[in-house]
Amino acid sequence: MAELRGKRALVTGASSGIGAAIARIFADEGAHLVLTARRKDQLDAVAAECRGKGVTVDVIVADLGKAGEAARLWAAATAGAAVDILVNNAGFGYFRPFGEVEAAREAELVQLNMTALVELSRAFVVTRKAAAGASYLLNIASIGAYQSVPNMALYAASKAFVRNFTEALHDELSATHASATVVCPGGTKTEFHAQAGAGNYSWIANASMMSAEECARKSVRAMLKKKRSYIPGLINKLSCFGVRLVPRWFASWMARRVLGKPRPGELPQRSAA
Ligand SMILES: NC(=O)c1ccc[n+]([C@@H]2O[C@H](COP(=O)([O-])OP(=O)(O)OC[C@H]3O[C@@H](n4cnc5c(N)ncnc54)[C@H](OP(=O)(O)O)[C@@H]3O)[C@@H](O)[C@H]2O)c1
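Start counting the sequence shown at 1; every next residue gets the next number (my numbering).
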């Protein structure tokens with residue numbers, strides 16, 4: 001991972017889970033950081049840990065579920081120095097039948113998982129594709145990108161968008177020093193599941209759960225190898241390959257079986273601390 005030394009990376013969703021783990025790996029390898037999310041206390045804690053490893057860390061609190069925030073974030077992140085690596089990791093899902101959560105939460109999902117990711121990717125591509133040194137765009141999708149997922153209809157569709165969008169960018173950038181990689185994690189042990197009102201999973205879903213650290217390490221390696229697309233974990237790879245061999249209705253039915261029932265009760269709400 002020597003290529004990371006001295007680079008400057010913007011990581012969205014760096015306050016917890018996979019994003020925080022990616023930030024720690026970058027810091028271990030000598031990359032300077034711009035960390036963003038809504039919860040300032042958690043961001044500050046991750047930033048302090050990373051500064052302890054000898055890199056500079058800027059913290060920018062932003063709610064990327066709101067229109068205009070991605071542009072403000074990019075302007076602030078690039079005001080003093082260039083960004084060589086962009087990790088679009090921030091994202092959320094909810095495990096409920098479509099139409100059973102407030103319309104505002106659906107709009108926030110579309111804004112965060114797709115619109116903000118597109119806006120940041122655009123800002124990155126237009127500034128980096130003519131740059132001399134290597135630059136990397138890493139977009140985090142999900143194995144949900146490979147099929148329809150009942151009770152996560154909008155989330156899985158948003159991740160299918162991220163996957164197709166990023167794979168096309170990878171090809172468009174092939175003649176430049178910039179690269180684009182999409183990583184499609186399966187179940188990863190983070191706050192995601194509690195936030196989504198999910199977690200009554202079958203044994204196979206629990207057996208294939210990966211730590212955020214392992215997912216982050218594999219994702220960063222795939223990014224540095226300039227892979228087009230990467231699925232961490234053997235069971236996840238087999239499952240994404242398997243859906244090509246079965247009818248789409250069957251894959252959807254299996255997803256419902258594997259993911260179990262939504263956890264009852266109100267969905268948790270996060271906001272800036
Ligand atoms: N965990 C899994 O099983 C799994 C599987 C496949 C894909 N993924 C994907 O992996 C990515 C990271 O998720 P995770 O598992 O690490 O879950 P997580 O711990 O809940 O992390 C999500 C991150 O996104 C940030 N975020 C959420 N809403 C935001 C908003 N409106 N504006 C700015 N930042 C926001 C959160 O920070 P704040 O709340 O502080 O803003 C947090 O840092 C997501 O894109 C998720 O879809 C996860």
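Cβ atoms here follow ideal geometry from the backbone N, Cα and C, with glycine treated the same way.
Helix, strand or coil for L173, going by three-state DSSP, please let me know.
In this structure, L173 counts as coil in the three-state DSSP scheme.
Where do the N-terminal and C-terminal ends of the alpha helix (DSSP H) with V126 fall, by residue?
Where V126 is concerned, the enclosing alpha helix (DSSP H) stretches over 117–128.
Answer yes or no: do V46 and A20 have a C-beta to C-beta separation smaller than 8 Å?
Yes, Cβ-Cβ distance for V46 and A20 is below 8 Å.
How about the region 193–205 and the region 249–263: do they share at least three Cβ pairs that are nearer than 8 Å?
Short answer: they touch.
Could you check where the beta strand (DSSP E) with A279 kicks off and where it finishes?
Since the first residue of the chain shown is 1 and the last is 273, residue 279 is not available in this structure.
Rounded to whole angstroms, what's the CA-CA distance from F26 to K129? Just pull it up for me.
Their Cα atoms are separated by approximately 22 Å.
Taking the beta strand (DSSP E) that L224 belongs to, which residues open and close that run?
Looking at the DSSP string, L224 is not in any beta strand (DSSP E); the run it does join, the alpha helix (DSSP H), is 212–224.
Just verifying my parser: in three-state terms, what is the DSSP assignment at T56?
T56 falls in the coil class under three-state DSSP.
Given a threshold of 16 other Cβ atoms within 10 Å of its Cβ, counted over all protein chains shown, does N88 qualify as buried or as exposed?
By the 10 Å Cβ count, N88 comes out buried.
On a Cα-Cα basis, can you pick out the residue from R96, T190, H170 that is closest to E213?
E213 has its Cα closest to that of T190, out of R96, T190, H170.
Going by the C-beta, is S15 closer than 7 Å to any heavy atom of ligand 1?
Yes; taking the cut-off as 7 Å, the Cβ of S15 has a heavy atom of ligand 1 nearer than that.
Looking at the unbroken alpha helix (DSSP H) that takes in A194, where does it start and where does it end?
That run of the alpha helix (DSSP H) goes 192–196.
Can you look up I231 in the DSSP assignment and give me helix, strand or coil?
If DSSP states are grouped into helix, strand and coil, I231 belongs with coil.
Evaluate A14 with the Cβ neighbour count: other Cβ atoms within 10 Å of its Cβ, from every protein chain shown; 16 or more gives buried, anything less gives exposed.
Buried.
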